[in-house]
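Asks:
Residue numbers (the UniProt record's numbering): 1 to 174.
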């Protein structure tokens, strides 16, 4: 009777019907710093004046497949802080925070979205902490980066790509 219940439960279970399809798999294999740089070109003079920072922040993401179902995603954060009155550089901090992700059963646009938005969301807290620590070790007040909405950045990127494709298509037909 137990076997009958198991068979009938498996027959009514859509997951059991899809055993031939590859299962969705997502796991973080490793998180690491790929590149790190800190420059304070105007020290020690920068420490002898009131600190009135003007922060410039640049953020980029990239990804590549490095093995079967294995992807590397990299967030590059560049923070340049200048003295707001003089315009001289107080410091420049750059980090490439990377992660290896095992992804299976996700393809096409869904994979692109995972690599372009979800994985950077996983990595950003590590990059944020590393920048803060690096700046603090350089003798400057902590630089706490605000949270980043990678979903919105990804959506903007896709919108720009679609607009560019549409413009190229319009130029081709003329």
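All residues carry an ideal CB built from backbone N, CA and C; glycine is no exception.
If you reduce the DSSP assignment to three classes, tell me which class residue 52 lands in.
Replies: Working through the chain shown from its first residue, we reach residue 52 at position 52. Residue 52 falls in the coil class under three-state DSSP.
Asks: Can you list the beta strand (DSSP E) stretches of 3 or more residues lying completely in the region 58–132, in chain order?
Replies: Complete beta strand (DSSP E) runs here, min 3: 70–83, 89–104.
Asks: What is the DSSP secondary structure of residue 166, reduced to helix, strand or coil?
Replies: The residue given as residue 166 occupies position 166 in the chain shown. Of the three classes helix, strand and coil, the one that applies to residue 166 here is helix, per DSSP.
Asks: Residues in the same chain with beta-carbon distance under 7 Å from residue 144, minus the five sequence neighbours each way, listed in chain order, please.
Replies: For this step, residue 144 is matched to residue 144 along the chain shown. Answer for residue 144: 132, listed in chain order.
Asks: Pick from 149, 42, 27: whose alpha carbon is nearest that of residue 88?
Replies: On the chain shown, position 88 is the one that residue 88 refers to. Taking only the C-alpha atoms, the option nearest residue 88 is 42.
Asks: Using a Cβ-Cβ cut-off of 6 Å (strictly less than) and excluding sequence neighbours within five positions of residue 61, which residues of its own chain qualify?
Replies: The sequence position of residue 61 within the chain shown is 61, counting from 1. Here residue 61 has 75, 120 as same chain residues with Cβ atoms under 6 Å from its own Cβ, once five neighbours each way along the sequence are excluded.
Asks: Please classify residue 155: does DSSP put it in a helix, a strand, or coil?
Replies: Within the chain shown, residue 155 is the residue found at index 155, counting from 1. Correct three-state label for residue 155: helix.
Asks: Assuming residue 90 and residue 46 make a contact with CB atoms under 8 Å, what is their CB distance in whole Å?
Replies: As a first step, residue 90 is located in the chain shown; it is residue number 90 there, counting from the start. As a first step, residue 46 is located in the chain shown; it is residue number 46 there, counting from the start. That belief holds up - the Cβ atoms of residue 90 and residue 46 are roughly 5 Å apart, short of 8 Å.
Asks: Are any of the Cβ atoms in chain C nearer than 9 Å to that of residue 105?
Replies: Given the protein chain composition of this structure (a single chain), no chain C is represented.
Asks: Since I believe residue 161 is in contact with residue 92 (beta carbons under 8 Å), could you give me their beta-carbon distance rounded to a whole number of angstroms?
Replies: As a working note, residue 92 is residue 92 in the chain shown. As a working note, residue 161 is residue 161 in the chain shown. The C-beta distance from residue 92 to residue 161 rounds to 30 Å, too long to meet the 8 Å contact threshold.
Asks: Between the beta-carbon of residue 96 and the beta-carbon of residue 36, is there less than 9 Å?
Replies: Within the chain shown, numbered from 1, the residue matching residue 96 stands at position 96. Within the chain shown, numbered from 1, the residue matching residue 36 stands at position 36. Contact flag set, yes.
Asks: Flag this pair as yes or no: are the beta carbons of residue 103 and residue 26 separated by less than 9 Å?
Replies: What you label residue 103 is simply residue 103 of the chain shown in a count that begins at 1. What you label residue 26 is simply residue 26 of the chain shown in a count that begins at 1. Residue 26 sits close to residue 103, with the two beta carbons spaced by under 9 Å.
Asks: With a 10 Å radius around its C-beta and 16 neighbouring C-beta atoms as the bar for buried, classify residue 137 as buried or exposed.
Replies: Locating residue 137 in the chain shown gives position 137, where the first residue counts as 1. Exposed.
Asks: Beta carbon of residue 81, beta carbon of residue 55: below 9 Å?
Replies: Looking up residue 81 in the chain shown gives position 81. Looking up residue 55 in the chain shown gives position 55. Yes, these two residues count as a Cβ contact at 9 Å.
Asks: DSSP three-state label for residue 140, please.
Replies: Your numbering for residue 140 matches position 140 in the chain shown. Here residue 140 sits in coil by DSSP.
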